[in-house]
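There are 2 protein chains.
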Amino acid sequence: MTMQTPTRDTTASAGSDLRCRILAIAERLFRDMGYRKTTVADIASVLRMSPGNVYRFFPSKKALNEAVADRLLGDIEAELERIVAQADVPAAERLRTFVAALHRMSEQQFTANRRMHEMVEVAMAESWEVIHRHIEGVDRLLCRLVAEGAQSGEFAVEDPMVAARCVHAAIVRFCHPALIAQCADEAGPTLEQMTAFLLAGLRAA
Amino acid sequence: MTMQTPTRDTTASAGSDLRCRILAIAERLFRDMGYRKTTVADIASVLRMSPGNVYRFFPSKKALNEAVADRLLGDIEAELERIVAQADVPAAERLRTFVAALHRMSEQQFTANRRMHEMVEVAMAESWEVIHRHIEGVDRLLCRLVAEGAQSGEFAVEDPMVAARCVHAAIVRFCHPALIAQCADEAGPTLEQMTAFLLAGLRAA
DNA sequence: AAATTGACGATTGTTGACAATCGTCAATTT
DNA sequence: AAATTGACGATTGTCAACAATCGTCAATTT
């Protein structure tokens, strides 16, 4: 998500700073009292400003939700990118770490708090664009990882992007909020078994 | 689901027959007017009987839903079993057919009609046991298929059940009602690409 | 006696009036 | 003039009285 300053400021970061502070408060309140229960009046009052003034920075409450979700998902992608960037580590091990991290963060962020789950639910229902970008972001990172593994001879894949999308689709059970909750006490492969299985596929394609 | 005759009948199939007729009507009405909109009184009136009499055969409306869902899922499993049973066909090709059939039937039955989707939704919310049995059933069939492939030398897997569960988890995107709907217009691997990827994994594990 | 009924209490969905929230904007402050 | 305000219409959520449905059971029919 591009950080768009609505108006030009005398101070370089004044508007942007306020925007960030609104975002931070929104995130905290969404966490603590849930998305629906927090009103933009609540957010404004914490910052000692009028409710209407929030709308100078965010065109709607939905936009606030999207910005918060974007930050959370961005954090995940940032950590995943850090993993992919370790060029000295074998691709297979990076993939293991990647998948484990994606699972861990998805679980903690989406399933742990019921409040958080509500936020994600709303975002998936009425702001799929944010989710879509995140999916594509993870796809891109996975593609890089697979392509590097292919170049180093670790993996044998024809189309890295297709392979990446296969891997991503295969582990959806460990990333998707609804599935994490639903399959919690369901007989299924462990993440380790699944990763090993996928690595075998990557090595042999 | 075991077909339990509530009382002993003079005629061998009288009670069982009525049970089946109730079930058939219930399925039709659930299809046509949705699960919530059809009352047990509706079902009873089609059969010219009192609403209370339905409860001699099904302890609750929920039980009706479970029985209907069980039949639908049972039909799917029956077709899948037919595919697995073709011992003369190579396991790889059987797996391709298996996955394609599972996808096609899931899509048609769950996503096509909105009425049907409601029924499945209710079942997943308050009768997970039915879903759980179906998942395990598919797992068992997949396990047989993988094991046979392993015995014939087509596949190289350590634990057929683990491999089967991995395959099943990997294609959840193509079977799960919510995901079929959600990922409809999402960039993802095609079923064929996914199947090819999984087959590579099975051959090389 | 077994099967069936239909009325009934308990629970669950629906309606409609009311309250809260969203998002706008002319007026005010800095 | 730019930033901020707070009141306001329009939309959305809440709650309570009401209606419908679920599931039971004593009475009735076969």
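Sequence order for the protein chains is A and B.
Taking the UniProt record's numbering, I'd label the letters of the first sequence as residues 1 to 205.
Taking the UniProt record's numbering, I'd label the letters of the second sequence as residues 1 to 205.
Virtual Cβ for every residue (Gly too), placed ideally from N, Cα, C.
Just to confirm before moving on: does the CB-CB distance between residue i and residue j stay below 8 angstroms?
i: L202(A); j: V138(A); result: no
i: V146(B); j: N65(B); result: no
i: H134(B); j: P177(B); result: no
i: A87(B); j: G149(B); result: no
i: H132(B); j: E77(A); result: no
i: V167(B); j: V172(A); result: no
i: L198(A); j: A169(A); result: no
i: L95(A); j: L141(A); result: no
i: V84(B); j: K61(B); result: no
i: S106(B); j: I180(B); result: yes
i: R114(B); j: R31(B); result: no
i: A26(A); j: I43(A); result: yes
i: R165(A); j: G188(B); result: yes
i: T190(A); j: V99(A); result: no
i: R28(A); j: F57(A); result: no
i: D70(B); j: V130(B); result: yes
i: Y35(A); j: M124(A); result: no
i: A200(B); j: A204(A); result: yes
i: L72(B); j: Q108(B); result: no
Which residues in chain B sit within 7 angstroms of residue i, going by Cβ to Cβ distance?
i: G188(A); result: R165, A169
i: V162(A); result: P189, Q193
i: residue 207(A); result: The requested residue 207(A) is not part of the displayed model; chain A covers only 1 to 205.
For a contact meaning CB atoms closer than 8 angstroms, what does residue i contact in chain A?
i: R96(B); result: Within chain A, no residue comes near R96(B); the closest Cβ sits about 15 angstroms away, beyond 8 angstroms.
i: V172(B); result: V172, R173, L179
i: G52(B); result: Per Cβ cutoff of 8 angstroms: no residues; G52(B) is ~36 angstroms from chain A at best.
Just reading off the alpha helix (DSSP H) that residue i is part of, what are its end residues?
i: A196(B); result: 191–204
i: Q151(B); result: 128–151
i: S45(B); result: 40–46
i: M49(B); result: First-last for M49(B): undefined, no H or E at that position.
Quick check on residue i: does DSSP put it in helix, strand or coil?
i: Q4(A); result: Because Q4(A) sits at a pLDDT of 37, beneath the cut-off of 50, its placement in the model cannot be relied upon, and the point is left open.
i: F155(A); result: coil
i: H176(B); result: coil
i: P59(A); result: coil
i: A187(A); result: coil
i: I171(A); result: coil
i: G74(A); result: helix
i: T11(A); result: With a pLDDT of only 38 at T11(A), under the threshold of 50, the placement of this residue in the model should not be trusted; the figure read from the coordinates follows. T11(A) falls in the coil class under three-state DSSP.
i: D17(A); result: helix
i: R31(A); result: helix
i: R165(A); result: helix
List, in order along the chain, the chain B residues whose C-beta lies closer than 8 angstroms to that of residue i?
i: E136(A); result: A187
i: H132(A); result: E186
Interface residues of chain A around residue i at Cβ under 7 angstroms?
i: G57(B); result: Note on identity: in this sequence residue 57(B) is Phe, with Gly being the wrong assignment. Within 7 angstroms Cβ-Cβ: nothing; F57(B) doesn't reach chain A, min ~31 angstroms.
**Study point:** Residue ranges of each alpha helix (DSSP H) within the region 77–128 of chain A, 4 or longer
**Key:** 91–106, 114–126
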